[in-house]
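Peer 1: Before anything else, here's the structure in question.
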Amino acid sequence: MIFSARVYAAAPAVAGSVSGTDGAPVNDAVVFVQSPVPEPDKSPPMQVVDQVNKTFVPGLLPIVVGTAVRFPNHDQIHHHVYSFSPTKTFELPLYKGEAAAPVVFDKVGAVKIGCNIHDWMSGIILVLPSRHFAVTDSSGHFALNDLPAGTYTLVAWHALSKLKPEETAQSVQVGAEVANVNFKLPLTPARPRAAMHGTRAEP
Amino acid sequence: MRWWDTRSLRARIFIAFSVLILAVLLATLGLTQLIVGRDTGRTLSRELRTTGQVFQSLLRERAIRLQTNSTLLASDFALKRVFATHFDPSSYDSETLASAGLSYRQRIGVQLVWMTDEKGTLLAASPGEGRIGQTLAGFSPLKDALQSQAPATAVVEVDNELFQMVAVPVLGPDVIGFLMLGQVIDDHVAERLKQDTHSDVTFLTDSGVLASSWPESTRNDPQLIRMLPEVRQQNPRLLNMSGERYLSLALPVVANLEMPLYVLIQGSYDRALAPLHTLQRRIAIIGMIALAGALVTGIILAGGITGPVRLLVNAMHEIPRGNLRHRLRIERNDEIGFLSRSFNEMAAGLEEREHIKDTFGRFVSRDVAEAVLSGRVPLAGERREVSILFQDIRGFTALSERLDPVVLLRLLNQFFTEVVAAVEAEGGVVKQFTGDGVMALFGAPQSRADHTERAVRAALGIVTRLASLNVLLQNNGAAPLQIGVGIHTGEVVAGLIGPDERIEYGVVGEAVNLASRIESLTKELTATILVSREIAARLGSEFVLGRTALLPVKGTSRPVEVVEVLSGPLPAP
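First to last, the protein sequences are chains A and B.
Take the first sequence: its letters are residues 20 to 222, numbered as in the working numbering.
Take the second sequence: its letters are residues 193 to 765, numbered as in the working numbering.
Here is the structure:
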């Protein structure tokens, strides 16, 4: 939501949409500049993946490489956050509140996080090469701002995409006009894992 | 039927009893065989189906347990961590993964632990190390688990062994691999099923037996495979397994094999029928005892019936032999008792009649006796017309003085024998012996229309027979006998006369006296045969009559006309 606020704050350099092969708008797709990669930010602001009601909030967090992420636990129970992703393998064994130290994501790639106690808790931290990325809204639209004029290669990523981001690459010329880029992503059907809220719930 | 008819009553009772009991016995055995046999078949079929259900539910239970165990194992964080190492070839720890597999096999008592990556490539296998690196993406249950990203189970064949296998995803938090556990379905499983259900269990496909509760020798019998097509209809069939009949039911097992998998469930039909055979043996023994009992009862019963019957038959045989004194001593109230009482009454009646006839015969001729006994003579008395003949030896007094008494009686008896013969030859009855003469009746007790002629012919017969006797006497130097015969006819009263003990048949009336008088007239007229006018009037022309005289008779006022009879038709020989 904070991104969408930013989308409409200034005139975008690139705008477009992401849709499925069936034409349906794709929400929560991340469109980012793959190349050329500008100098990474020296100290990107710390980000937060909260744990509320046995859910990661937000479920998808795109960040610039080098960003530190805090994993505060706002539930009354312990969580055990981990990731086996080669991009960032880490483990925050059983803790409550703010006990866990922030984790710095220093490699580009998708990091799938889970909780060892709650199988259904799942989240993705997408570590991106630069701060030039945007997330599609519910109508599949995105807008990239603050891009200096030049030629860029844009890619689209989605959790269910059958394509690797580089396979979606599109070249775009950024100038005075708003460049328009549209992506079509073949998606695998979503397979939500049932969550259990409350101690007496049945699977 | 002829044969049956010629059997004795005793034999018939025996045979009837035996046939009846045998029939009941055979019917009982047959019905038992039919009903219990059918019931046994049904019960056994039901048991086989139950075993089938037990097996299916056992498979289900095992699958559930296996899946639960697998899911729990797959949730182990340490395992997840080891699994996750495969994402990075540099840190991939295949040895730890393999040893974890070995450890899990022991931990939960499964025979197979396989681990694949999230795409189905085998990472670790115990057993089956040789397969590592192969993809199992098309191999159930992994195929289904890959598709559903959820646990899946299947019955599969691995190295000629049947496994129940489960594949569960390892989550980290997305699927980072699959854990596959397999529990073998082998002879032990079949044995355990057999222990629980008493049915032999065999797992087989068209190409061979995979596991069985049968011993090696029986299971390798090729007929087990051959008969599969026969029994795979869901109806049980009887199969011969090494000399014993087995009701066999083949049920399909959902499995991921190249050929359909069946579980063949077999229960011994012969053993199931054993209680029936025991029952039948007992029924047969009871039947034989019943048969023996029936035979004994039959003998006693038949003896009870035929014994008295034989006594009756023997008694009956006594009657024609003349033994009328024979009596039966059977004191019963049934038909036999009735029959023997009837026999006794009959014999008593016969004896009495014979006694009467004997007694009678001494005084009267058999004719009279029979006529009286047959009831033809009204014993109360009746009036009827008869002819009365009196005969007398002339000069008997002088003769009796002259002759030796013994000789005299012999002479008399000889003479009377002839007289009786002559009278009876004409159907007359010698009623009385008067010392030297007889009185004879014609027309009583048996009624004869021609009694007058009969009487005259009898008189002529006496004369003729006397002539022969006289020739004999003369030849012996004795003087010939001379007789006189008087005959009259008239109405008399005939019947039984005298007190009870000495009762005899007789006639009374004027005609009797007159006949006697006429006889006494023969001396006066020196005639041999004199008849009254009433007689003479009735004689035919064949009789030659002589003189006629009207003579006064003692005791009557009127003179009587008498006619001499000289000769007549030849007497009956």
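Just so it is clear, CB atoms sit at the ideal spot from N, CA and C, and this is done for glycine as well.
1. Hey, quick one: how far does the beta strand (DSSP E) through Val122(A) stretch, first residue to last?
2. Can you find a CB in chain A that lies within less than 9 Å of the CB of Asp309(B)?
3. Among the residues of its own chain, which have a CB less than 8 Å from the CB of Val71(A), if the five just before and after it don't count?
4. In chain A, which residues lie with their C-beta within 7 Å of the C-beta of Phe269(B)?
5. Taking DSSP's pairing of strands, which residues face Arg437(B) in a bridge?
6. Just verifying my parser: in three-state terms, what is the DSSP assignment at Phe202(A)?
7. Report the neighbours of Leu354(B) on chain A: residues whose CB is nearer than 8 Å to its CB, in chain order.
8. Threshold first: 4 residues or longer. Then list the alpha helix (DSSP H) segments lying entirely within the segment 649-736 of chain B, N to C.
9. Which residue spans inside the segment 440-474 of chain B form an unbroken beta strand (DSSP E) run of at least 3?
10. Buried or exposed: His177(A), going by 16 or more other Cβ atoms within 10 Å of its Cβ?
11. Which one of Met451(B), Pro333(B), Leu504(B), Thr394(B) has the shortest CA to CA distance from Glu527(B)?
12. At 8 Å on the CB atoms, spell out the chain A contacts of Asp280(B), in chain order.
13. With distance defined between alpha-carbon atoms, name the residue in Val757(B), Tyr461(B), Ala632(B) nearest to Val228(B).
14. Quick check: the segment 224-238 of chain B against the segment 409-423 of chain B, are at least 3 beta-carbon pairs closer than 8 Å?
15. Check the DSSP bridge columns for Lys131(A) and list the partner residues they point to.
16. Please list the partners that Ile368(B) has in chain A, where partner means a Cβ-to-Cβ separation under 8 Å.
17. By the DSSP assignment, the alpha helix (DSSP H) with Tyr296(B) in it spans what residues?
18. For a test of the three-state rule: what should DSSP assign to Ser759(B), helix, strand or coil?
19. Have a look at Asp69(A), Thr74(A), Leu79(A) and flag the residue whose alpha-carbon is nearest the alpha-carbon of Asp47(A).
20. Is the shortest distance between the beta-carbon of Ala220(A) and the beta-carbons of chain B less than 9 Å?
21. Using the beta-carbon count (16 or more within 10 Å), is Thr242(B) buried or exposed?
22. Please list, in chain order, all residues of the same chain as Gln606(B) whose beta carbon is under 8 Å from its beta carbon, the five residues on each side excluded.
23. Helix or strand or just coil, what does DSSP make of Met508(B)?
24. In angstroms, rounded to a whole number, what distance separates the CA positions of Asn412(B) and Phe395(B)?
25. Taking 9 Å as the cut-off, decide whether the C-beta atoms of Ala651(B) and Ile710(B) are in contact.
26. Got a sec: is the Cβ-Cβ distance from Ile82(A) to anything in chain D below 9 Å?
27. Under 7 Å, CB to CB, which of the residues in the segment 138-171 of chain A have a partner in chain B?
28. Taking only three categories from DSSP, how would you classify Gly217(A)?
29. Just the C-alpha distance for Pro77(A) and Ser249(B), rounded to the nearest angstrom, thanks.
30. Please report the residue range of the beta strand (DSSP E) in which Ala337(B) lies.
31. Measuring straight from C-alpha to C-alpha, what distance separates Thr170(A) and Val193(A)?
32. For Pro414(B) and Trp406(B), what's the separation of their Cα atoms in angstroms?
33. Closer than 7 Å, Cβ to any Cβ of chain B: which residues of the segment 176-190 of chain A, in chain order?
34. Does any residue of chain B have a CB that is nearer than 9 Å to the CB of Ile21(A)?
35. Between which two residues does the alpha helix (DSSP H) holding Arg257(B) run?
36. Is Ile96(A) close to chain B, meaning its C-beta is less than 9 Å from at least one C-beta of that chain?
Peer 2: In terms of the structure at hand:
1. In the DSSP assignment, Val122(A) falls within the beta strand (DSSP E) that extends over 122-124.
2. Taking Cβ atoms only, chain A never reaches closer than 9 Å to Asp309(B), which makes this a no.
3. Contacts found: His93, Asp94.
4. Using a Cβ-Cβ cut-off of 7 Å, Phe269(B) is close to Asn135 of chain A, given in chain order.
5. According to the DSSP secondary-structure assignment, Arg437(B) is paired through a beta bridge with Asn432(B).
6. Three-state result, Phe202(A): strand.
7. Within chain A, no residue has its beta carbon less than 8 Å from that of Leu354(B); the closest one is some 30 Å off.
8. Every alpha helix (DSSP H) stretch that sits fully inside the segment 649-736 of chain B and reaches 4 residues is listed by chain position as 702-717, 725-730.
9. Within the segment 440-474 of chain B, the complete beta strand (DSSP E) runs of at least 3 residues are 453-460.
10. Only buried fits His177(A), as 16 or more other CB atoms lie within 10 angstroms of its CB.
11. Among Met451(B), Pro333(B), Leu504(B), Thr394(B), the Cα nearest to that of Glu527(B) belongs to Leu504(B).
12. Under the 8 Å cutoff, chain A gives Pro105.
13. Nearest C-alpha to Val228(B): Tyr461(B).
14. The count of Cβ pairs closer than 8 Å, one atom from the segment 409-423 of chain B and one from the segment 224-238 of chain B, stays below three, leaving the stretches out of contact.
15. In the DSSP output, where bridge partners are listed per residue, Lys131(A) has Ile143(A).
16. Correct list: Phe103.
17. For Tyr296(B), the enclosing alpha helix (DSSP H) starts and ends at 286-300.
18. Under the three-state reduction of DSSP output, Ser759(B) falls in the strand class.
19. It is Leu79(A) whose Cα lies nearest to the Cα of Asp47(A).
20. With a pLDDT of 36 at Ala220(A), under the threshold of 50, the modelled position of this residue cannot be trusted; read the value that follows with caution. Judged by the 9 Å Cβ criterion, Ala220(A) is not in contact with chain B.
21. Under this definition Thr242(B) is an exposed residue.
22. So the list reads Leu661, once near-sequence residues are dropped.
23. The three-state secondary structure of Met508(B), taken from DSSP, is helix.
24. Our two residues, Asn412(B) and Phe395(B), have alpha carbons roughly 12 Å apart in a direct line.
25. The Cβ-Cβ distance between Ala651(B) and Ile710(B) does not fall below 9 Å.
26. Of the chains in the structure shown, none is chain D; the protein chains are A and B.
27. For the segment 138-171 of chain A, the set of residues with a beta-carbon nearer than 7 Å to any beta-carbon of chain B comprises Asp138, Met140, Ser141, in chain order.
28. Legend: pLDDT at Gly217(A) = 48, less than 50; position of this residue unreliable, value from coordinates given subsequently. Annotated three-state conformation of Gly217(A) is coil, per DSSP.
29. So the two alpha carbons sit approximately 45 Å from each other.
30. First-last for Ala337(B): 334-340, but that is the alpha helix (DSSP H), not the beta strand (DSSP E).
31. Looking at the two C-alpha atoms, the distance is approximately 6 Å.
32. Rounded to whole angstroms, Pro414(B) to Trp406(B) spans 13 Å at the Cα level.
33. So nothing in the stretch comes that close.
34. Residue placement at Ile21(A) is poorly supported in this model, since its pLDDT is 42, which falls under 50; the coordinates still yield a value, given next. Chain B contact via Cβ: absent.
35. Counting along the chain, the alpha helix (DSSP H) containing Arg257(B) begins and ends at 201-266.
36. No Cβ of chain B is located within less than 9 Å of the beta carbon of Ile96(A).
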